[in-house]
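Here full-length UniProt numbering is used: position 141 in the sequence shown is 141, and no number is missing along the way. One structure below.
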Amino acid sequence: MAYERTLDLNSDAFRGEAYRHYAALRQASPVFFSQPEGQLPMWYVTGAREVEEVLLDNERFARDPSRINPQFAAMLGGEQSIAFLNEHMLNRDGERHRRLRRLVNKAFTLKAVNAMRPRVEQIAESLLDAVQAGGHMDVASQYAFPLSITVIAELLGVPARDHGDFRRWSHMIVRQVGHDLSELQRCYSEFADYMLALIDQRRAHPVDDLVSALAQVEEEGSMLSRSELCSMIALLIIAGHETSASMIGNAVHTLLQHPEALIRLRDEPALMADAVEEFLRYDSSVERAMVRFVTRDTELSGQRLQRGQLIVAVVGSANRDETLCANADTLDITRPACPHMSFGKGAHYCLGASLARQELEIALNTLLRRCPRLRLAVDPGAIRWRYVPNFRGPDALPVCWSVD
Ligand code: HEM
């Protein structure tokens with residue numbers, strides 16, 4: 001169908017009405033091929049059953065491009081000197097993936113995440129201390145982003161004076177679009193140099209932080225190499241910062257469009273832990289999982305896929321599939337938990353899910369408690385969605401509240 005072949009899922013027009021498009025696509029063709037001008041040809045998967053099939057089958061749908069073609073992998077890896085930054089678990093399959101994940105699991109424990117709770121609460125309070133009397137702020141830049149970068153940076157053990165640099169590097173790496181290649185390479189190099197120095201320092205003088213713990217984890221004689229460790233930390237920072245920050249923005253945006261839910265949660269904050277699952281399902285900050293590579297000629301939902309082609313599972317669409325959740329387009333903060341795929345499925349299921357849930361719950365409860373009569377400070381139509389492939393979140397979310 002011509003409509004699908006040229007559909008640009010990254011355009012502002014699409015993003016503004018993404019869920020309406022996805023509903024039509026799930027009906028007409030849950031698996032479709034698209035090649036808009038100037039972009040790589042790609043299969044997109046929008047039906048819940050098909051999305052699950054792609055995410056669970058790492059044999060047919062690989063994350064590691066070297067399983068298709070080593071040259072292709074090198075090309076995607078970028079400049080040789082910094083290519084090792086891509087050696088992380090999200091780019092690996094099978095035993096290579098399991099080894100990296102097991103090692104980081106030993107350091108990134110639920111206990112460590114739970115221990116962060118009082119500090120996350122403190123960070124949220126102090127960000128609001130700075131703006132509360134003024135009665136307005138941009139949720140994205142003044143609350144969500146500083147909150148999530150501070151949490152992940154402190155968990156890793158990055159000194160506060162360097163958080164600004166982290167934010168700059170992370171943004172540029174995630175938002176590659178719009179930056180020239182030399183600027184990007186400089187940013188990657190600065191990021192890598194900084195990490196390697198921090199790792200060396202923590203190896204020599206371990207303290208109670210995640211970088212020190214990761215530098216020491218060992219399994220049957222296997223430790224993370226210096227470059228694996230650097231790549232792992234880069235993944236944790238980027239995956240753990242942009243996603244959580246955008247998710248806070250999406251949830252606040254959703255609440256502002258559903259004032260009855262906002263009032264209920266403000267009055268009954270204990271409901272927030274369950275409501276967070278509904279916010280994640282309703283408007284996930286990871287709209288699409290990372291691209292997979294088709295490892296052999298195969299069929300998916302009646303479509304013939306060829307070895308080497310690229311395929312993307314649209315989890316944001318799967319979350320709105322009626323076969324997964326009744327009345328999926330309706331936000332219902334008290335519904336019995338509906339399964340969602342916002343944290344992915346299978347081998348690459350989000351490692352930071354419990355941290356993300358905790359941040360979201362604290363960020364929303366603190367905001368509703370501290371900012372009475374919270375409302376959008378601009379026309380809803382003026383909200384722009386960030387141009388970052390795979391992720392979804394408001395670029396800016398100006399809000400205001402009553403100041404007594
Ligand atoms: C609301 C916030 C978040 C969302 C929606 C989210 C979503 C996801 C999704 C969908 C995946 C799988 C991607 C794929 O299969 O292509 C993933 C993987 C991952 N996430 Fe998250 N994430 C969030 C927060 C975090 C945080 C806070 C951290 C870490 C501190 C984190 C670390 C990771 C890592 C390391 C992986 C790779 C796991 C693997 O390859 O085995 N994420 N995340």
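Idealized CB from N, CA, C, for every residue including glycine. On a predicted model such as this, the values are computed, not experimentally measured, just so you know.
Three-state class that DSSP yields for residue i in the structure shown
| i | result |
| --- | --- |
| Asn-223 | The question names Asn, yet the displayed sequence has Met at residue 223. Met-223 falls in the strand class under three-state DSSP. |
| Glu-287 | coil |
| Arg-102 | helix |
| Gln-303 | strand |
| Glu-218 | strand |
| Met-116 | coil |
| Phe-391 | strand |
| Arg-15 | helix |
| Met-42 | strand |
| Val-207 | coil |
| Ser-231 | helix |
| Ser-29 | coil |
| Ser-342 | coil |
Per DSSP, cross-strand counterpart(s) of residue i
| i | result |
| --- | --- |
| Asp-138 | Pro-398 |
| Leu-7 | Answer by DSSP bridge pairing: none, since Leu-7 is not bridged. |
| Val-158 | Its beta-bridge partners do not exist; DSSP assigns none. |
| Phe-61 | Val-294 |
| Leu-310 | Phe-293 |
| Leu-376 | Val-399 |
| Trp-169 | DSSP lists no partner for Trp-169. |
| Ser-34 | Met-42 |
Distance CB(residue i)-CB(residue j) smaller than 8 angstroms
| i | j | result |
| --- | --- | --- |
| Leu-351 | Val-120 | no |
| Arg-320 | Ala-326 | no |
| Leu-156 | Leu-224 | no |
| Leu-367 | Leu-360 | no |
| Gly-316 | Arg-335 | no |
| Ile-199 | Ala-215 | yes |
| Leu-128 | Pro-146 | no |
| Gly-47 | Ser-301 | yes |
| Val-31 | Leu-355 | no |
| Leu-210 | Ala-377 | no |
| Glu-190 | Trp-169 | yes |
| Val-131 | Gln-142 | yes |
Sequence-distant residues of its chain with Cβ nearer than 8 angstroms to residue i (five each side left out)
| i | result |
| --- | --- |
| Arg-63 | Leu-90, Asn-91, Arg-92, Asp-93, His-97, Met-290, Arg-292, Phe-293 and His-348 |
| Leu-310 | Leu-40, Pro-41, Met-42, Trp-43, Val-291, Arg-292, Phe-293 and Val-294 |
| Glu-125 | Thr-366 and Arg-370 |
| Leu-110 | Ser-354 |
| Arg-202 | Gly-157, Asp-209, Val-211, Ser-212 and Ala-215 |
Cut-off 6 angstroms between Cβ atoms - residues of its own chain near residue i, not counting five sequence neighbours on either side
| i | result |
| --- | --- |
| Asn-58 | Asp-93 and Ala-347 |
| Ser-402 | Pro-372 and Arg-373 |
| Arg-167 | Ile-149 |
| Gly-308 | Ile-68 |
Contacts around residue i, its chain only, beta-carbon distance under 7 angstroms, and the 5 residues preceding and following it disregarded
| i | result |
| --- | --- |
| Arg-5 | Phe-33, Ser-34 and Gln-35 |
| Gly-249 | Val-139, Ala-140, Ala-144, Gly-393, Pro-394 and Leu-397 |
| Ser-231 | Phe-84, Leu-85, Asn-86, Glu-87 and His-88 |
| Arg-357 | Val-276 |
| Glu-50 | Pro-30, Val-31, Leu-300 and Ser-301 |
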